[in-house]
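Working notes, structure below.
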Amino acid sequence: MNELISLLGPGLTLLGGALAALLPGIGSAKGVGRVGEVAAGVLTENPSLFGKILILQALPGTQGIYGLLSWFMIMNSSGLLAGSTNISWQTGLTYFMAALPIAFVGMFSADYQGRVSEAGVALVAKRPGEQSKAIVMAAMVETYAILALLATVLSVLSIKPV
Amino acid sequence: MHRLTLVGLTEQKADVLEALMRLGAVEMDELSAQHVALETQPYDERGYLSLNAISRLELAAAYCRHHNPASQHLGTGARLVKPEAFLSVADREHAIMEQLTAMEYLQTQIAEIKTLIAHDRTLQETLAPWRSLKINLAEMMTQETVILIGAFPTAEAVEAFKATIPEDAPETYFELIGADAASFRVLIATLKSRESVVHGNLRQHGFHLLPVQGMDGTPQAILDQIFNRQDDYQRRIERLETELQNLVPMGVDFELLHDFFLLRSDKIDALHHLSSTTSTFYLQGWVPADVADDMGSALQSRFVVAVAHRQPIDGEEPPVLFDNHPLVKPFEVIVEMYAPPSAADIDPTPILAPFFFFFFGMMLADIGYGLVLTGLMGWLAFVKKAEGELGRLARLLFLSGIGAIFFGVLFGGFFGDMLTVLTQGQVVVPSFWFNPMNDPIKMMIWSILFGAVHLFTAMGAKIYMLAKTGHIMDGIFDIAPWYLIIIGGGLLLGGNSILPGLPMAQIGQWMALGGAAVILLFGGRDAKNPIVRLFKGLGALYNITGYFSDLLSYTRILALVLAGSVIAMVINLLGFMLGPTPAGYIMFTLVALFGHTLNLALSVLGAYVHTSRLQYVEFFSKFYEGGGKIFNPLKQRSHFIKFDRTK
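Line by line, the protein sequences are chains V and Y. So the first sequence is residues 56 to 217, counted in the numbering used here. So the second sequence is residues 261 to 907, counted in the numbering used here.
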């Protein structure tokens with residue numbers, strides 16, 4: 056029984072880190088993918104728009120990076136990255152909870168940002184001069200991923216491992 | 261901008277226009293569609309539609325530039341040309357156009373042969389599996405029988421078809437000629453009277469008839485013919501390409517003539533925008549106020565013209581021309597992307613520029629990344645002399661990169677913690693202020709404080725604009741109280757820790773309450789009924805949520821700083837996994853090159869996007885509307901060349 060409890064701390068921590076890297080990654084892949092599909096279609100008509108459209112496609116990709124960043128912060132701060140598994144189940148649970156904001160907000164916001172970017176690609180296809188407006192509209196969605204990232208990072212940094 | 265009216269003699273119309281184009285200081289009004297008749301298509305005197313000639317010349321000139329070793333260094337930049345050389349091109353117009361036609365003819369011929377080669381290649385691929393078949397493809401039938409050759413997709417399909425033979429067409433001869441994974445090639449001979457039944461069965465089992473039946477010769481013979489003419493094609497292409505290469509030096513002439521036609525077509529275009537009578541013409545437009553007088557006297561000294569200019573009157577929307585210090589100029593791009601200022605706006609560029617520099621620098625905040633970005637963009641802007649959109653963006657990022665170096669020094673980042681990792685902790689790049697990684701809360705507070713300064717500046721601009729239009733009371737009652745509320749709120753939250761010993765929190769509390777009282781009492785001052793007025797004031801006070809979320813929005817600075825530097829740390833960590841061994845250093849170089857390039861690209865994109873957003877959403881929403889039109893004067897447009905006016 057004691058052995059099981061000693062596994063619970065590192066397990067929960069790893070689970071939190073994994074979710075932080077996993078869910079926003081899925082969301083970003085979905086978002087970047089859906090923009091890419093539309094972008095390829097636009098490029099068949101006008102290949103010179105590649106540079107402008109590529110930026111729009113890259114936008115929903117940041118959530119995946121925020122996820123990786125959170126994973127790293129959790130692994131580093133809990134000592135798992137250095138090989139230590141001495142984490143109490145209470146601490147493990149707090150790491151798990153800390154991972155939730157970026158995990159979920161990251162996943163969903165990447166998908167929604169992908170939709171806005173997708174519409175932005177259609178806008179750029181018709182009016183290449185309006186690229187910056189398409190970018191800013193997509194960046195509005197990212198605000199919430201950024202807020203979630205801050206919540207996760209500040210939580211992780213405030214945890215004092217026991 | 262001044263409103264310009266010009267009247268002149270029709271016989272001097274073309275010359276006056278040319279002078280105006282050379283000055284490049286007048287924007288002509290667009291004439292309504294009815295004035296521009298359809299027959300004004302700019303044909304030149306030799307009858308070719310010169311727009312068509314322009315695009316042909318553009319293609320040819322671009323081809324020549326790309327294939328001429330002497331011109332390649334120009335890229336898409338401009339070639340310096342003496343004005344005399346440019347004008348002389350008009351005399352050779354006919355000869356140049358003939359060369360152009362010759363060049364296009366060669367290009368067409370090469371393209372035709374390439375099509376033939378591609379066709380042969382398809383044929384080769386189709387026929388290669390049938391090489392062993394000893395039948396002339398043109399003789400596929402006799403009086404009574406017909407031969408069908410083709411392929412089944414699977415072995416099962418072959419068997420299924422064979423099973424139908426005894427019943428439907430017992431006279432059929434069937435032979436499997438060859439097979440590989442996805443095609444089972446067969447020859448089928450049957451009676452003509454059975455052909456349609458057999459065809460039906462074949463179709464049912466996914467049979468594909470060999471598409472080239474009817475060509476003369478056995479597959480082997482056709483393949484040999486293809487093989488033999490390959491060399492011939494290649495030789496012809498080589499000969500044509502040599503001829504084409506001989507024409508490549510003509511590219512300079514193509515460029516000159518292209519720009520010559522372009523100028524002429526612009527001029528013809530402009531001529532059609534003028535209203536004229538038999539002996540006079542009339543032009544209206546805009547001219548920058550500071551050059552209006554000089555332009556008028558310059559024209560009057562050479563031509564018989566009457567020139568008048570005046571201030572714009574209410575209801576007129578003059579175009580706008582930015583007039584900014586060279587250090588601020590690159591930031592005009594950001595304003596233009598949002599919307600150029602209208603006549604009612606002030607030019608926000610000078611107050612936007614320092615904040616853009618500051619926020620971008622904070623978000624990227626790395627000495628290494630800043631140096632790479634500044635170096636790259638400086639090279640693009642000042643060595644390659646990139647022009648147009650790219651050039652403007654390069655100059656913007658050049659300055660912004662300097663901001664990143666500045667904050668890199670303050671925060672102590674050089675490609676993340678590269679030096680610390682490489683020296684195993686012996687060298688730590690010092691931070692002259694503090695390291696946001698160690699104290700993120702402090703960084704968050706500073707982000708919001710800088711954000712407050714940003715917002716305050718925008719509010720100040722709004723008050724200034726209101727004062728200028730005589731609505732100073734609106735500024736005092738609607739905007740100024742927010743300074744009290746925001747500063748007071750800040751002191752209430754953190755005042756005691758800044759200046760211990762003084763009752764800062766109390767002072768803040770009273771400031772905030774005072775500001776709120778002003779909004780509550782005066783927010784609805786246009787309402788007569790005191791109760792309605794109070795409710796309107798309450799509504800105005802509700803804006804507090806807007807200001808609160810605006811301030812929180814600046815925490816993105818912290819998030820981007822963390823994202824950039826943590827990813828850089830991860831790259832360094834991964835790269836140095838093998839430790840300080842030769843193999844370890846090689847691996848580190850590779851991982852760092854790839855990883856930091858990627859992180860730099862993403863961080864720059866992120867910093868650019870989010871800095872722009874802070875300007876557009878938080879900053880501009882407080883005072884700036886935009887919606888003007890950029891001044892677009894009549895000028896000598898050129899694509900390939902630039903005049904070298906040095907003697």
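Cβ coordinates follow ideal geometry from the N, Cα and C atoms, glycine included.
Would you mind reading off the limits of the beta strand (DSSP E) that contains residue i?
| i | result |
| --- | --- |
| Y:D440 | Y433 to D440 |
| Y:H518 | Unbroken run through Y:H518 is the alpha helix (DSSP H), G511 to L531; no beta strand (DSSP E). |
| Y:Y884 | Unbroken run through Y:Y884: none, as it is neither H nor E. |
| Y:A568 | V565 to R570 |
| Y:I409 | T405 to F412 |
| Y:F201 | The structure shown does not extend to residue 201 of chain Y, since chain Y is modelled only from 261 to 907, so the question has no answer here. |
| Y:R263 | H262 to L269 |
Roughly how many angstroms separate the alpha carbons of residue i and residue j, rounded to a whole number?
| i | j | result |
| --- | --- | --- |
| Y:M829 | V:I157 | 20 Å |
| Y:L894 | V:Q118 | 47 Å |
| Y:A320 | Y:E271 | 36 Å |
| Y:Y868 | Y:V643 | 23 Å |
| Y:V688 | Y:L679 | 7 Å |
| Y:V341 | Y:D526 | 20 Å |
| Y:Q769 | Y:V588 | 39 Å |
| Y:K645 | V:L123 | 39 Å |
| Y:L657 | Y:V632 | 11 Å |
| V:G66 | V:G147 | 7 Å |
| Y:Y724 | V:I190 | 31 Å |
| Y:V851 | Y:G676 | 14 Å |
| V:S172 | V:I120 | 18 Å |
| Y:P614 | Y:D738 | 26 Å |
For the alpha helix (DSSP H) containing residue i, name the first residue and the last one.
| i | result |
| --- | --- |
| Y:A727 | P700 to K728 |
| V:R182 | No alpha helix (DSSP H) holds V:R182; DSSP gives it neither H nor E. |
| Y:T805 | I804 to S813 |
| Y:W546 | That residue, Y:W546, is in no alpha helix (DSSP H); its beta strand (DSSP E) goes T540 to V547. |
| Y:H379 | E353 to L387 |
Can you pull the chain Y residues whose beta carbon is under 8 Å from the beta carbon of residue i, in chain order?
| i | result |
| --- | --- |
| V:V191 | V869, S872, R873, Y876 and V877 |
| V:L209 | P700, I701 and M704 |
| V:I108 | Ordered by position in chain Y, no residue passes the 8 Å Cβ test against V:I108, which lies about 13 Å from the chain. |
Taking C-beta pairs closer than 7 Å, name the residues in chain V that residue i reaches, listed in chain order.
| i | result |
| --- | --- |
| Y:L818 | L205 |
| Y:M764 | Here the premise fails: no neighbours, minimum Cβ distance about 25 Å. |
| Y:M597 | S187 |
| Y:L624 | Simply none; closest approach about 14 Å. |
| Y:A823 | I120, Y121 and L124 |
| Y:L865 | I110 and A113 |
Can you find a C-beta in chain Y that's less than 7 Å from the C-beta of residue i?
| i | result |
| --- | --- |
| V:A165 | no |
| V:F127 | yes |
| V:I157 | no |
| V:L135 | no |
| V:L212 | yes |
| V:A194 | yes |
| V:I201 | yes |
Determine, using beta carbons only, whether residue i comes closer than 7 Å to chain V.
| i | result |
| --- | --- |
| Y:L517 | no |
| Y:M697 | no |
| Y:A293 | Unreliable positioning characterises Y:A293 in this predicted model, as indicated by a pLDDT of 44, which lies under 50. A coordinate reading is not provided. |
| Y:P600 | no |
| Y:A646 | no |
| Y:V547 | no |
| Y:V229 | There is simply no residue 229 of chain Y to check, as chain Y begins at 261 and stops at 907 in what is shown. |
| Y:V580 | no |
| Y:V688 | no |
| Y:V851 | no |
| Y:V458 | no |
| Y:V446 | no |
| Y:N551 | The question names Asn, yet the displayed sequence has Val at residue 551 of chain Y. It does not: the Cβ of Y:V551 has no partner Cβ on chain V nearer than 7 Å. |
| Y:V830 | yes |
Residues of chain V with CB closer than 8 Å to the CB of residue i, please, in chain order.
| i | result |
| --- | --- |
| Y:T815 | I201, L202 and L205 |
| Y:L862 | A113, G116, T117 and I120 |
| Y:V826 | L124, F127 and M128 |
Within the region 440 to 504 of chain Y, note down every full beta strand (DSSP E) run reaching 3 residues or more, in order along the chain. 443 to 451
TODO: Only counting runs of 4 or more residues, tell me where the alpha helix (DSSP H) segments fall wholly within the region 635 to 677 of chain Y, in order along the chain.
DONE: 648 to 671
Quick check for students: name the residue ranges of the alpha helix (DSSP H) that lie wholly in the region 581 to 645 of chain Y, counting only runs of 4 or more. 592 to 598, 609 to 624 and 627 to 638
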